[in-house]
Structures are given as structure tokens and as C-alpha cells.
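> I have a structure here, written as C-alpha cells, and I will follow up with some questions on it.
Protein chains: 2
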Amino acid sequence: MLVMSSPSGAGKTTITRALLEKDVDLSMSISATTRPPRPGEVDGKDYFFIEKDKFEAMVENGEFLEHAKVFDNYYGTPKKPVDDALAAGKDVLFDVDWQGARDLRHAARDDQMSIFILPPSHDELERRLYNRAQDSEEVVKKRMAKAGSEMSHWGEYDYIVVNTEIDESVAQVEAILMAERLKRTRQTGLPEFVASMSGEDNG
Amino acid sequence: MLVMSSPSGAGKTTITRALLEKDVDLSMSISATTRPPRPGEVDGKDYFFIEKDKFEAMVENGEFLEHAKVFDNYYGTPKKPVDDALAAGKDVLFDVDWQGARDLRHAARDDQMSIFILPPSHDELERRLYNRAQDSEEVVKKRMAKAGSEMSHWGEYDYIVVNTEIDESVAQVEAILMAERLKRTRQTGLPEFVASMSGEDNG
Numbered sequence: 001m002l003v004m005s006s007p008s009g010a011g012k013t014t015i016t017r018a019l020l021e022k023d024v025d026l027s028m029s030i031s032a033t034t035r036p037p038r039p040g041e042v043d044g045k046d047y048f049f050i051e052k053d054k055f056e057a058m059v060e061n062g063e064f065l066e067h068a069k070v071f072d073n074y075y076g077t078p079k080k081p082v083d084d085a086l087a088a089g090k091d092v093l094f095d096v097d098w099q100g101a102r103d104l105r106h107a108a109r110d111d112q113m114s115i116f117i118l119p120p121s122h123d124e125l126e127r128r129l130y131n132r133a134q135d136s137e138e139v140v141k142k143r144m145a146k147a148g149s150e151m152s153h154w155g156e157y158d159y160i161v162v163n164t165e166i167d168e169s170v171a172q173v174e175a176i177l178m179a180e181r182l183k184r185t186r187q188t189g190l191p192e193f194v195a196s197m198s199g200e201d202n203g
Numbered sequence: 001m002l003v004m005s006s007p008s009g010a011g012k013t014t015i016t017r018a019l020l021e022k023d024v025d026l027s028m029s030i031s032a033t034t035r036p037p038r039p040g041e042v043d044g045k046d047y048f049f050i051e052k053d054k055f056e057a058m059v060e061n062g063e064f065l066e067h068a069k070v071f072d073n074y075y076g077t078p079k080k081p082v083d084d085a086l087a088a089g090k091d092v093l094f095d096v097d098w099q100g101a102r103d104l105r106h107a108a109r110d111d112q113m114s115i116f117i118l119p120p121s122h123d124e125l126e127r128r129l130y131n132r133a134q135d136s137e138e139v140v141k142k143r144m145a146k147a148g149s150e151m152s153h154w155g156e157y158d159y160i161v162v163n164t165e166i167d168e169s170v171a172q173v174e175a176i177l178m179a180e181r182l183k184r185t186r187q188t189g190l191p192e193f194v195a196s197m198s199g200e201d202n203g
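As they're listed, the protein sequences go chains A and B.
Position one of the first sequence corresponds to residue 1 (my numbering), numbered consecutively onward.
Position one of the second sequence corresponds to residue 1 (my numbering), numbered consecutively onward.
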């Protein structure tokens, strides 16, 4: 489980997309939300867009790994797709805010590691948020404030990537993924592998 | 401090050379030894070749991070070059056996991580050792036995790289280095960096 957070505007979505295109062993956990789709967003790809009533029923049934209310909408991580991907031997990428990351840490299923993406500077973050034509100025202001509060949680993550240049950041997250997969504790079958080499000494 | 071990024949030397050529922030810790140079080996590059008397005097003076006697020769890691490289902001790579790795762990200076390189199979390891024309058959046999004992210590390392294809293994070790450098705990200056972004919110 790879948990990735950042303030909006830091470039997390672009990094995530590039990773998923390159890495076939990586699967994205798609969040569910009660907010309406933005133009171009596809149900079951960007989010599972569901009604408030259904969301609350799923919460009741314990069908979320974590969920939260942000502004006036619910967001959550449905359990089942994650279980299915992990069972298929895939790593699962979670795009969540610091609260979601904390909830996932507390859910503590299997082992997980976390990356926080930071923008290169305050001015660049502001510029990126203003360039999102779909957002009103008020939303931008709300997001700058939220970015500050989100960024204050960088200390809770295992790795920090400062997204100055997107290709470099993608390479860094790829390196983190590769390194995590090479950790002794994540490689099953090593005892048998090593035994097969020493055991044949007489042969 | 990056500690790398493997049985001889696993390809560690080739991987190490490729890494040092590519990564300017990485510096190799050169071991000292009392064994005679092999053809082509350069003093101060492959090893510091020193007399037994001098080696023992350096041990007395505490000038080694670790040292050991292997077959009839001494091997050791001189302290001073390591201190100089770390002070210059470089990462230092140590090419040591499992005993050296354990001694370095106990010396526990700054933070360190360790990689164990495994050969892809018993037969391939044997083939590689026989192809080293410089070694007598007896030495090869000694080394196969030593390889078995060396490999039994894989469980003491943070990362395991199985060296099937050299370019892939180099990429894997590079990824480990990059990821380790991106760890939150290894990035100094982050508190100030994040503060500079949130603090300018009024500007």
C-alpha cells in the first residue's frame, strides 16, 4: 500500500497518472465521493460518484477503509477493490489527504509506506491553483488556506518529494516504489532461494 | 553510509563501479589490506596495500572503522577518508563482507543502510568463479564454500538485490540510493522550506 498526499496544486495527480501508465504492478485505489463530477470526470475512473444516502449506508456497513467530510462532501476509500488488487499481487496507490493517510495508517492492513508531495514554492503553488480555470477565485483562496494546513502534516510521511520538475518527481516516486519492493522484508521466497544455492554445494 | 555485501562472484564489483561512474554524490570507501596486489590492481584505488606491521599499528591506534583477518590477510576500513567524504556531504559506499557489515553496524556512525547482492543461481555463481582465470581451482572451491556461508547472512541486510542482469541490478541499487535520500528523516531543511510556503500566505 502506497499512500500519497499533497496539497492540491502540488502535482500529485499528474505524478499519479504517469506512474500508473508506467507500472503495471501498480493499481490505483479509486475513491468514492458525493460531490458532483467535474466536466470530463468519469465515474469509476476518477471517482465512484455516489449519492449521499448510499455513501452513508456504506459507512454504516463498514465498507470503507477510511472516509471523511471535506467542505460539504463525503470522500472515502472503498475496501473491496483494494482487497481484490492486493490479492492479485498488485501494489495499491492511495491518493488521500493527511486525514485519509492517518486513517489508513490506523487501519494498518499489510504494510504501507507514504509519500508527501510538496510544491517547489508558495508562488508556484498559487500560480498553479489560479491556472485551474474551473475553480472560482474563492475556491482558490480556500485551497491556498487548505494547502497550508495540509502541508503542516509533512512530518507524518515516510518520504518527501518536492515537485519542481514533473519527470524528475515521477522518477523519484518510481525509485521509492522500486526500493520498497527490494526491501528484504517485502521479498518472499528468499529463504528458499538462498537455500537452493548453498544446498547444492555437493552437486 | 551505504553498506554493500555479497559472496564473490555475485557481481558486486561491477555494480559498484557502474554506480560510482554515474553518481557524483557517492564516494567509495577504499579498504586497506595486507594481501599482495593482483595484476592490474592500483594502490589507493582498488585497495591501500600496506605491510602487516603498519596494519597492526593502525589497528592499535584505532584508525579503522572495522577490520578482519580473511584467509591469511588483514582487511580493514580506514576511518579518515570516510570522515572526510561524509564531511563533504557525500554518501559513502562500503564494499565489505558480512562481518565487516556487522562491525560497521556496531560502529553505528550516522545512519546507514545495507544491500546484499545475490547471484541468480548456484550454477551461475560457480560459472562466474571458474571464469576468473586468475584464481586457482582450489581458490574457487574455497570461495564457493565461503559464498555459502556469506549468503547465509542475507537476513541481516535492509535490501536484497538478485543480480540476474547487471543493468537492471545497477538501476535497482540506484533506486535504493535515490529513495533513501528522499526519506523525510534524511532531508534537512524541510521545516524551513514548508514554513516558507505557508508563512507567505498573507503576501
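Even glycine gets a Cβ: it sits at the ideal position worked out from N, Cα and C.
Keep in mind it's a predicted model, so treat the numbers as computed, not measured.
Does T122 of chain A get closer than 8 Å to chain B when you measure Cβ to Cβ?
Position 122 of the first sequence, counted from the start, is the residue given in the question as residue 122 of chain A. It is worth fixing the name first, because residue 122 of chain A is His in this sequence and not Thr. Chain B contact via Cβ: present.
> Would you report the Cα separation of R186 of chain A and E180 of chain A, rounded to the nearest angstrom?
For the purposes of this step, residue 186 of chain A is taken as residue 186 along the first sequence, with counting starting at 1. For the purposes of this step, residue 180 of chain A is taken as residue 180 along the first sequence, with counting starting at 1. Cα-Cα distance, rounded: 7 Å.
> Comparing C-alpha positions only, which one of A:A101, A:M197, A:V92, A:D103 sits nearest to T16 of chain A?
As a first step, residue 16 of chain A is located in the first sequence; it is residue number 16 there, counting from the start. It is A:V92 whose Cα lies nearest to the Cα of T16 of chain A.
> Please compile the residues from chain A whose C-beta is within a distance smaller than 8 Å of the C-beta of S196 of chain B.
For this step, residue 196 of chain B is matched to residue 196 along the second sequence. Per Cβ cutoff of 8 Å: S121, H122.
> Below 7 Å on C-beta distance, what does Q172 of chain A contact in chain B?
Mapped onto the first sequence, residue 172 of chain A falls at position 172. Under the 7 Å cutoff, chain B gives M178, L182.
> Which value, in whole angstroms, describes the spacing of the CA atoms of Q99 of chain B and D23 of chain A?
Working through the second sequence from its first residue, we reach residue 99 of chain B at position 99. Working through the first sequence from its first residue, we reach residue 23 of chain A at position 23. Going from the Cα of Q99 of chain B to the Cα of D23 of chain A covers about 37 Å.
> At the 8 Å Cβ level, is W154 of chain A part of the contact set with chain D, yes or no?
Structure shown: chain D not included; protein chains present are A and B.
> Let me confirm a value: G189 of chain B is counted as buried when at least 16 other C-beta atoms fall within 10 Å, else exposed. Which label applies?
Here residue 189 of chain B corresponds to residue number 189 of the second sequence, with the count starting at 1. Exposed, by the Cβ-count rule.
> Considering only their Cβ atoms, is the gap separating A101 of chain B from S5 of chain B smaller than 8 Å?
Within the second sequence, residue 5 of chain B is the residue found at index 5, counting from 1. Within the second sequence, residue 101 of chain B is the residue found at index 101, counting from 1. Yes, the pair counts as a contact, with Cβ atoms nearer than the cut-off.
> Would a C-beta distance cut-off of 8 Å place F48 of chain A and P78 of chain A closer than the cut-off?
Position 48 of the first sequence, counting from 1, holds the residue named residue 48 of chain A. Position 78 of the first sequence, counting from 1, holds the residue named residue 78 of chain A. Yes, Cβ-Cβ distance for F48 of chain A and P78 of chain A is below 8 Å.
> Who are the neighbours of L125 of chain B on chain A, taking C-beta pairs under 8 Å?
Translated into the one-based positions of the second sequence, residue 125 of chain B becomes position 125. Per Cβ cutoff of 8 Å: M197.
> Straight-line CA distance for L182 of chain A to E51 of chain A?
Here residue 182 of chain A corresponds to residue number 182 of the first sequence, with the count starting at 1. Here residue 51 of chain A corresponds to residue number 51 of the first sequence, with the count starting at 1. Straight-line Cα distance between these residues: approximately 42 Å.
> Report buried or exposed for Y157 of chain A, applying the criterion of at least 16 other Cβ atoms within 10 angstroms of its Cβ.
If you number the first sequence from 1, residue 157 of chain A lands on position 157. So Y157 of chain A ends up on the buried side.
> Which bits of chain A does M1 of chain B rub up against, with CB to CB less than 9 Å?
Numbered from its first residue, the second sequence carries residue 1 of chain B at position 1. Within chain A, no residue comes near M1 of chain B; the closest Cβ sits about 16 Å away, beyond 9 Å.
> Output, in chain order, the set of chain B residues within a Cβ distance shorter than 8 Å of Y159 of chain A.
Within the first sequence, residue 159 of chain A is the residue found at index 159, counting from 1. Chain B residues near Y159 of chain A: A179, L182, K183, R184.
> Would you say Q187 of chain B lies against chain A (beta-carbon separation less than 8 Å)?
Within the second sequence, residue 187 of chain B is the residue found at index 187, counting from 1. Yes, contact with chain A.
> Near S169 of chain A, which residues of its chain fall below 6 Å by C-beta distance, leaving aside the five closest residues on each side in sequence?
Your numbering for residue 169 of chain A matches position 169 in the first sequence. Within the same chain, S169 of chain A has close Cβ partners I15, V161, N163.
> Could you check how far apart the C-beta atoms of F94 of chain A and M197 of chain A are, in whole angstroms? I think they sit under 8 Å.
Mapped onto the first sequence, residue 94 of chain A falls at position 94. Mapped onto the first sequence, residue 197 of chain A falls at position 197. Actually they are not in contact, since the Cβ atoms of F94 of chain A and M197 of chain A sit about 37 Å apart, beyond 8 Å.
> Return no unless some Cβ of chain B is closer than 8 Å to the Cβ of L118 of chain A.
Position 118 of the first sequence holds residue 118 of chain A. Chain B, which has a Cβ nearer than 8 Å to the Cβ of L118 of chain A, makes this yes.
> Let me know the secondary structure DSSP gives I15 of chain A once reduced to three states.
Within the first sequence, the letter at position 15 stands for residue 15 of chain A. Three-state result, I15 of chain A: helix.
> One question on the structure: do L104 of chain A and L65 of chain A come within less than 8 Å of each other, judged by their Cβ atoms?
For the purposes of this step, residue 104 of chain A is identified with residue 104 of the first sequence, where counting begins at 1. For the purposes of this step, residue 65 of chain A is identified with residue 65 of the first sequence, where counting begins at 1. Cβ atoms of L104 of chain A and L65 of chain A: closer than 8 Å.
> Which residues does DSSP list as the beta-bridge partners of E124 of chain A?
Looking up residue 124 of chain A in the first sequence gives position 124. Paired residue(s): none; E124 of chain A is not in a bridge.
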